[in-house]
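Notes for the one structure printed next.
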Amino acid sequence: MHKPSLSRRMFIILNTLLLTFVTVVGIVPFVHLLAISLSSNTAAMAGEVKLWPVGFTMDAYMFLGEKVEFFRSLWVSIERVVLGTAVNMFLVFITAFPLARPNSQFKYRTVYVWFFAITMFFGGGLIPTYIVVKNTGIMDSIWALILPGALNVWNMVLMLNFFRTIPRELDEAATIDGAGYWRILWQIYLPVSLPSIATIGLFTIVGHWNAWFDGILYMNSPDKYPLQTYLSTLITAINSQMSSMSPEQLRAMENLSEKTLRTAQIFMGALPIMLVYPFLQKYFVKGMTVGSVKE
Amino acid sequence: MKLLRKEYPLHLMLVPGVILTLIYAYGPMAGLVMAFQQFEPLSGFFKSEWVGFDNFTYVFNLPDFNQVLWNTIVISLFKMVLFLVVPLILALLLNEVTRRWFSRFIQSAIFLPFFLSWTVLGGVIIELFSLDGPVNGIVKSLGSEPIMFMLNNDWFRGIIIGSDVWKGMGYNMIVMLAAITGINATLYEAAEVDGAGKWKQMIHITLPGIAPIIILLGVLSLGNVLNAGFEQILIMYNPTVYEGADVIDTFVYRLGMFSQQFGPAAAVGLFKSVISLGLVSITYYAAYKYNNYRIF
Chain A
2 MHKPSLSRRM
12 FIILNTLLLT
22 FVTVVGIVPF
32 VHLLAISLSS
42 NTAAMAGEVK
52 LWPVGFTMDA
62 YMFLGEKVEF
72 FRSLWVSIER
82 VVLGTAVNMF
92 LVFITAFPLA
102 RPNSQFKYRT
112 VYVWFFAITM
122 FFGGGLIPTY
132 IVVKNTGIMD
142 SIWALILPGA
152 LNVWNMVLML
162 NFFRTIPREL
172 DEAATIDGAG
182 YWRILWQIYL
192 PVSLPSIATI
202 GLFTIVGHWN
212 AWFDGILYMN
222 SPDKYPLQTY
232 LSTLITAINS
242 QMSSMSPEQL
252 RAMENLSEKT
262 LRTAQIFMGA
272 LPIMLVYPFL
282 QKYFVKGMTV
292 GSVKE
Chain B
108 MKLLRKEYPL
118 HLMLVPGVIL
128 TLIYAYGPMA
138 GLVMAFQQFE
148 PLSGFFKSEW
158 VGFDNFTYVF
168 NLPDFNQVLW
178 NTIVISLFKM
188 VLFLVVPLIL
198 ALLLNEVTRR
208 WFSRFIQSAI
218 FLPFFLSWTV
228 LGGVIIELFS
238 LDGPVNGIVK
248 SLGSEPIMFM
258 LNNDWFRGII
268 IGSDVWKGMG
278 YNMIVMLAAI
288 TGINATLYEA
298 AEVDGAGKWK
308 QMIHITLPGI
318 APIIILLGVL
328 SLGNVLNAGF
338 EQILIMYNPT
348 VYEGADVIDT
358 FVYRLGMFSQ
368 QFGPAAAVGL
378 FKSVISLGLV
388 SITYYAAYKY
398 NNYRIF
């Protein structure tokens with residue numbers, strides 16, 4: 002290797018600095034949030050906290066341990082993630098399988114594919130969807146957060162495309178041995194598609210954990226809110242308080258905890274993903290490249 | 108009959124998916140008829156009065172509607188362009204980093220916000236830009252008066268766009284980076300033998316090599332022109348900045364949920380869906396034609 006030229010070395014230094022800056026911009030907001038949550042309330046209110054806690058205290062987190070709303074909504078979230086992911090994955094799996102059959106094996110394949118695909122491009126919108134959910138009688142129950150999005154067509158398409166890469170000889174051999182479609186699905190496709198299931202499953206878990214708006218829409222009482230919906234009430238309360246002070250909002254403010262407690266709760270809402278994310282990143286990256294770059 | 112016997116397990120597998128899709132995807136589509144009705148929740152679809160296009164004329168004549176449409180288009184166009192340019196620059200720069208651990212670390216940091224919810228990120232942004240937050244700390248140390256970022260229409264729109272790009276840039280960056288690594292390495296060797304420097308290599312090999320991906324990402328995002336980011340704006344805005352940040356989706360939400368004007372709200376929703384569907388069809392066709400992109 003020849004020695005890099007002066008301009009090349011200049012570029013490398015500048016590039017490293019620039020990328021470090023971008024990295025800092027990506028991480029610093031969370032450090033700031035953590036610092037506030039670990040500071041004394043007076044320091045936080047006065048805006049003295051930057052990147053390091055001022056008047057370090059774990060009070061907010063201790064207090065959080067007694068906060069009923071937080072744990073109640075955390076439990077709703079856990080329920081939602083477990084139940085929702087199970088339902089989503091089951092549906093994706095059994096729906097993608099028939100649609101991955103060649104037309105010669107499944108005559109109506111194209112009809113079904115279009116039936117599902119249309120819903121990706123055209124929908125009823127917010128208000129009609131709300132009315133349908135209301136009329137199916139699942140308002141205020143965990144099912145309102147799971148059923149309307151239970152079949153994610155995009156994930157189904159990813160799964161379908163993966164199924165098509167499975168060598169046909171595999172199920173031909175199984176058919177000769179007398180296996181039916183259900184047996185092929187569970188005993189051959191399931192074990193073979195574990196990487197794909199992991200990718201889609203992880204996206205589904207993150208999606209359920211992060212969803213908040215459907216909670217606002219479909220849950221009438223705040224004690225049924227999942228965690229992110231509960232957090233959103235903290236944030237929007239702060240936000241509307243800034244611009245106008247109607248009596249209702251003032252009352253909402255009274256229930257609203259101090260700054261350190263609020264940031265502690267927001268941080269806890271992000272924590273599970275921050276913790277598992279570094280380990281999952283490689284799956285996400287693989288799944289994304291499969292999903293978006295295709296010839 | 109023989110065919111039915113052979114294929115029935117396949118139909119059976121589709122039953123749950125079909126039922127759920129019929130109810131929760133096609134059901135709301137049928138509900139769009141209320142766009143043409145004076146919809147009364149108590150009377151339902153069958154007894155509500157038909158009003159033709161009255162809801163549409165009513166909404167389009169609302170004083171706020173033009174502003175809302177304009178906001179939607181401005182915000183999403185800015186997002187679209189930045190979502191291509193910023194990740195592209197980052198991917199090109201990151202591609203020059205030779206130390207693997209450093210590259211990995213930067214990727215993780217840039218990708219992180221993508222996985223967090225808008226409630227978390229909204230909370231973070233509001234803290235950062237609050238009157239005595241760290242951003243105003245910098246403003247003050249530069250000798251200016253603190254700025255009310257979240258209450259100022261011009262700033263707020265910028266924050267909406269900037270924070271969305273911050274959240275999402277990791278995704279496109281990784282897609283582009285994957286495309287760059289897919290470029291045939293012998294091309295670079297040949298260019299180097301011919302005396303092309305790194306800059307020339309980038310212009311003549313890397314950029315043409317990933318152009319199809321960039322075009323594809325751009326084309327696909329066109330279908331989203333009327334989606335300016337509902338959840339993000341809903342959690343971050345407040346009445347003071349409606350003028351600059353109210354978009355179609357937030358407008359529909361307030362119209363339907365708070366003023367109970369179901370008919371007009373559904374009319375706006377239908378208007379948006381039809382335009383989006385048209386754009387998606389055009390861009391999908393273009394993507395298929397120029398890049399042979401198909402999803403199934």
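These protein sequence lines map, in sequence, to chains A and B. Take the position in the first sequence, starting the count at 1, then add 1; the result is the number in this note's numbering. Take the position in the second sequence, starting the count at 1, then add 107; the result is the number in this note's numbering. Here a beta-carbon is modelled for each residue, glycine too, at the ideal position from N, C-alpha and C. All figures in this text were calculated on a predicted structure; none of them were measured in a lab.
Please state whether DSSP places A/E173 in a helix, a strand or coil.
Helix.
Alpha helix (DSSP H) containing B/A142: first to last residue?
From DSSP, B/A142 is part of no alpha helix (DSSP H); its letter is neither H nor E.
Residues near A/V294 by beta carbon distance below 7 Å, same chain, minus five either side:
Reliability of the predicted coordinates at A/V294 is poor, the pLDDT of 43 falling under 50, and the value obtained from them is presented with this limitation in mind. Correct list: empty, nothing qualifies.
B/G244 vs B/I342 beta-carbon contact at 7 Å:
Using a Cβ distance threshold of 7 Å, B/G244 and B/I342 do not count as a contacting pair.
Please classify A/Y278: is it buried, with 16 or more other beta-carbons within 10 angstroms of its beta-carbon, or exposed?
Looking at its Cβ environment, which holds 16 or more other Cβ atoms inside 10 Å, A/Y278 is buried.
Does any C-beta atom of chain B lie closer than 7 Å to the C-beta of A/K68?
No, because no Cβ of chain B sits closer than 7 Å to the Cβ of A/K68.
Have a look at B/A303 and A/W76 and give me their C-alpha separation to the nearest angstrom.
Distance between the alpha carbons of B/A303 and A/W76: 60 Å.
For B/S270 and chain A, any beta-carbon pair shorter than 7 Å?
Output row for B/S270: interface = no.
Kindly provide the ranges of any alpha helix (DSSP H) runs that are 4 or more residues long and lie completely inside the region 58-101 of chain A, ordered along the chain.
If only complete runs of 4 or more residues are kept, the region 58-101 of chain A shows the alpha helix (DSSP H) at 60-65 and 69-101, in order along the chain.
Tell me B/E252's beta-bridge partners as DSSP assigns them.
Here B/E252 is not bridged, per DSSP, to any residue.
Ordered along the chain, which non-local residues of its own chain (more than five positions away) have a Cβ less than 6 Å from that of A/S41?
The residues G56 and T58, in chain order, have a CB closer than 6 Å to that of A/S41 in the same chain once the five nearest residues on each side in sequence are set aside.
Kindly provide the ranges of any alpha helix (DSSP H) runs that are 4 or more residues long and lie completely inside the region 159-221 of chain A, ordered along the chain.
Complete alpha helix (DSSP H) runs here, min 4: 169-177, 182-185, 195-211 and 214-219.
Within the same chain, show all residues whose beta-carbon is closer than 8 Å to that of A/E255, passing over the 5 residues directly before and after it, in chain order.
Low per-residue confidence applies at A/E255: pLDDT is 42, beneath 50, and the placement is therefore not dependable, though the value from the model is reported in the following sentence. Cβ within range, chain order: n/a, list empty.
Buried/exposed call for A/F280, threshold 16 Cβ in 10 Å
So A/F280 ends up on the exposed side.
Which residues, in order along the region 22-43 of chain A, keep a beta-carbon less than 9 Å from a beta-carbon of chain E?
Given the protein chain composition of this structure (A and B), no chain E is represented.
What would DSSP say about A/W115, mapped onto helix, strand or coil?
Looking at A/W115 - three-state DSSP - the assignment turns out to be helix.
Cutting at 7 Å between CB atoms, please list the residues of its own chain near B/V354, excluding the five before and the five after it.
Cβ within range, chain order: V175, N178, T179, I182, A335 and I340.
With a floor of 4 residues, list each alpha helix (DSSP H) that falls wholly inside the region 246-291 of chain B, ordered by position along the chain.
For the region 246-291 of chain B, whole alpha helix (DSSP H) runs of length 4 or above, ordered along the chain, are 260-288.
Name, in chain order, the residues that DSSP records as bridge partners for A/W155.
DSSP, once it has assigned bridges, lists no residue as partnering A/W155.
Note down, in chain order, every chain B residue with its Cβ under 7 Å from the Cβ of A/S233.
Here the neighbours are T226 and I342.
Residues sharing a beta bridge with B/E338, DSSP
For B/E338, which the question treats as bridged, DSSP gives no partner whatsoever.
Spatial neighbours of A/L65 within its chain, please: CB distance less than 8 Å, with the 5 preceding and 5 following residues excluded, ordered by chain position.
Cβ within range, chain order: F71, L262, A265, Q266 and M269.
DSSP beta-bridge partners of B/E156:
B/E156 pairs with B/Q145.
Note down, in chain order, every chain A residue with its Cβ under 9 Å from the Cβ of B/I213.
Within 9 Å Cβ-Cβ: L20, T21, V23, T24 and G27.
When DSSP labels each residue in this structure, what does B/Q48 get in the three-state scheme?
No information on residue 48 of chain B is available, as it lies outside the stretch 108 to 403 that chain B covers here.
A/P54 - DSSP class collapsed to helix/strand/coil
DSSP places A/P54 in coil when its eight states are reduced to three.
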